[in-house]
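Using my numbering, you'd call the opening residue of the sequence shown number 469 and step up by one each time. Glycine included, every Cβ here is placed at the ideal spot set by N, Cα and C. Note that the structure is a prediction, hence the values are computed from the model and not measured.
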Amino acid sequence: MGSRVDYDAPGRWCTTMLYSADGSRLFSCGTSKDGDSYLVEWNESEGAIKRTYSGFQKKSTGVVQFDTSQNHFLAAGEDNQLKFWDVDNVNMLTSTDAEGGLPSVPRLRFNKEGNLLAVNTADNGFKILANADGLKSLRAFGSRPFESFRAQYEATSIKVSGTPVVASISPNISRVDRVDRNSPARPSPILNGGDPSSRSIDKPRISEELPDKTKPWELAEILNPKQCRVVTMPESTDSASKVARLLYTNSGGGLLALGSNAVQRLWKWSRSEQNPSGKATASVVPQHWQPSSGLLMTNDVSDTNPEEAVPCIALSKNDSYVMSACGGKVSLFNMMTFKVMTTFMPPPPASTYLAFHPQDNNIIAIGMEDSTIHIYNVRVDEVKTKLKGHQKCITGLAFSNNLNVLVSSGADAQLFVWNTETWEKKKSVAIQLPAGKAPAGDTRVQFNSDQSRLLVVHETHLAIYDASKIERVHQWVPQESLSAPISYASYACNSQLVFATFCDGNIGVFDADNLRLRCRIAPSAYMSPATANSNLPVYPLVIAAHPQEPNQLAVGLTDGAVKVIEPLESEGKWGAPVPVENGVPNGRTPASSATSNPAADQLQR
């Protein structure tokens, strides 16, 4: 956001840059024309080198390659060896020649878990190095023989973020037999290191859930706290401030809540024995985080009516900046210092929805209360264009890189599709409301992970649209135990589930491919009896899905509380998918409230 940062790479030649797994640290490795190699960590906000790692020979014969592992280690290939560093120590931790056969500048790649390391060989094959956990996963994968060798160093206890953990580089690294490229017995590509650019994209998992046809299917009902895991954010409950917006950080290690009082609060999980990943979890209470200055992230509320203000928020991809508004000017905050970097777009009209352009954090789509959408360039402080078409305020915005479109939704129950190259309107669709329901209230939109489907959320129904055609393919209407109006909904990170919250405190978990309900989480499962039965109804206003854990969700309540909810570890998921026989769930006629009728939507051009 704001001014872009230029980096002068050490050696000023071929350089590769990689973030740590949690996105909080930036590293680069490269080699100059003279053969001098550099491995450094950057201060990302300033474009300055934070530390330079030592251990390279004076003249490399090629461009050195490197990779990062689990926010703990760096590995680089040079001098026919693999060299390792602790990210917090500039001195080389250890090196190995992997029993020989490596090229002078090996190419290498860790798997996502950091327990396997693939490296190419001089004779066009590759080897896989594994620690103890990696060996277990490989043995589970296949039956190829393993040979062990003893590395030239001892096990080390290291500290990451102040918490002692066991080093994942074991003194007993093992090597999988080298496999030639032409070998008919070469393993599946699952063992190969991939293109680093593909590692930041979590592709949807193929569902492994096959219903047991010998047992009748039953809706999973979570009715008490013993049936799930719940953690309440410390210092979150405030009856004077509802949770209006809720976001996970993109790294998955924090939660950011914007209250109706215009104050944003941040909770962070840290690494510990109970939580070695440092990711958000319902098993550990996080820290209510503030900078040492004690600053709060408070939005501009001058000349605004708090009752009429529409809170809105968006987070940059690298979690460095958050942009938000509560009826006043839009503020851009630094997430490390909580300082206001800049403000813009003073009302009237007030901002009602914010979205970063996926390819350029300097471009922001801002939905307004006067029904327009401003495409704003922060860098030059200028509105590039205004999109007009809606009749009421903007309540949702969603970009699609694949389709080069921006989809907008409004309180007029309309969807508009805009070309992001020309900003021309492509089409508009009036969402179909259940009989007798007025076209009022917020409509929200969200693309699934591969951007082939669009989730449309209104208090009266959930709907899935074909994203390329903006045609409805499935709809679900509140019914039976989930009959209250819908307050919010979101895709799970793998887009196989849809989480929805209701104005009576219930939470529904749906199969995303057909909007069939598979699990109901009752308010008694995650609220205290006093809260669940209070005279003033308490329910979730907003829900957020964890960016890496497909069964973890967070809710922000009307009493200001923020909670993270997960299935029991013994269960691992929310219920089971509804079995389908001959296209009909459980062999029964589909309920009229879960329909598939795209022709019913009115298309306007």
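Identify the residues that DSSP records as bridge partners of residue i: which are they?
i	result
R988	E689 and G976
G491	Per DSSP, none; premise fails for G491.
D938	With the sequence shown as reference, residue 938 is identified as Ile, and Asp is not the correct amino acid for it. The partner list for I938 (beta bridge, DSSP) is empty, contrary to what the question assumes.
E850	N845
L715	L724
Y521	L507
Q533	G545
Q947	L950
K580	Answer is none; K580 lacks a bridge partner.
Y789	N802
For residue i, which residues in the same chain have their Cβ closer than 6 Å to its Cβ, ignoring the five residues on either side in sequence?
i	result
E689	R988
A725	V711, L714, R733, G1024 and V1030
P991	G973 and A1000
S668	At S668, the pLDDT of 38 sits below 50, so the modelled position is not reliable and the matter cannot be decided from this model.
G661	Summary for G661: the model assigns pLDDT 34, below 50, so the residue's position carries little reliability; its value from the coordinates is reported in the next sentence. Taken in chain order, the residues that qualify are R577 and A586.
T805	P759
V531	C482 and T499
G1043	A688, R986 and C987
D934	V941
Could you give the distance in angstroms between the alpha-carbon of residue i and the alpha-carbon of residue j?
i	j	result
D828	E546	35 Å
Q742	R847	43 Å
Y821	E509	35 Å
P953	P1008	12 Å
V628	S1038	Note that V628 scores 30 on pLDDT, short of 50, meaning its location in the model is unreliable and no value can be drawn from it.
K526	V555	22 Å
V808	D849	16 Å
S488	T529	27 Å
T717	M791	13 Å
V924	P693	30 Å
V478	K580	Residue identity differs from the one stated: residue 478 is Pro in this sequence, not Val. Taking the straight line joining both Cα atoms gives about 28 Å.
R607	N583	13 Å
T705	P779	18 Å
S605	V769	54 Å
T484	F801	29 Å
I975	Y956	10 Å
V731	L764	7 Å
H926	G727	21 Å
E686	G523	60 Å
N870	N588	33 Å
Y844	G835	11 Å
H842	V851	6 Å
A968	T911	14 Å
Q533	S505	10 Å
Whose C-alpha, out of the options, is nearest the C-alpha of residue i?
i	options	result
Q914	D972, I1011, L1004 and Q742	I1011
M701	L691, N692 and T749	T749
G864	E892, Q1020, S1038 and G909	G909
S486	T529, F541, G530 and G503	Rather than Ser, the amino acid found at residue 486 in this sequence is Leu. Ranking T529, F541, G530 and G503 by Cα distance to L486 puts F541 first.
N916	A906, D979 and T520	D979
K937	Q943, S505 and V875	V875
E567	I596, F552 and R575	I596
V573	R519, A823, S537 and Q549	Q549
Q538	A823, W685 and S492	S492
S738	K854, G904 and V752	V752
Q880	K854, T890 and I899	Residue identity differs from the one stated: residue 880 is Asp in this sequence, not Gln. Closest option to D880, Cα to Cα, is I899.
T772	K797, W757 and S788	K797
K905	R519, N872, P946 and V873	P946
L1021	D565, S788 and L723	L723
W891	K854, R940 and A543	K854
With hydrogens ignored, establish whether the beta-carbon of residue i is closer than 7 Å to any heavy atom of the ligand MN.
i	result
P574	Ligands are entirely absent from the displayed structure, and the ligand MN is therefore not among its contents.
How far does the alpha helix (DSSP H) with residue i in it extend, from its first residue to its last?
i	result
T999	P997 to A1000
Over what stretch of residues does the beta strand (DSSP E) that includes residue i continue unbroken?
i	result
D828	D828 to M836
Q914	T911 to F915
D554	Q549 to D554
P1008	P1008 to A1013
G545	F541 to E546
W735	V731 to K736
T564	T562 to T564
L871	Run containing L871: none; DSSP gives neither H nor E here.
K894	K893 to A898
S799	V798 to N802
Once the 5 residues before and after residue i are set aside, which same chain residues still bring their CB inside 7 Å of it?
i	result
T1026	K710, V1006, Y1007 and L1009
S1075	As displayed, the chain neither begins before 469 nor continues past 1073, which places residue 1075 out of reach and without an answer.
A993	I690, L691, N692, P693, Q695 and C696
K736	G721, G722, P754, Q755 and W757
S675	With a pLDDT of only 43 at S675, under 50, the local geometry of the prediction cannot be trusted, and no value is derived from it.
Which same chain residues end up closer than 8 Å to residue i when comparing Cβ atoms and leaving out the 5 residues on each side of it in sequence?
i	result
S788	M469, E512, S513, N802, M803 and M804
C961	D670, S917, A1013, H1014, P1015, Q1016, E1017 and P1018
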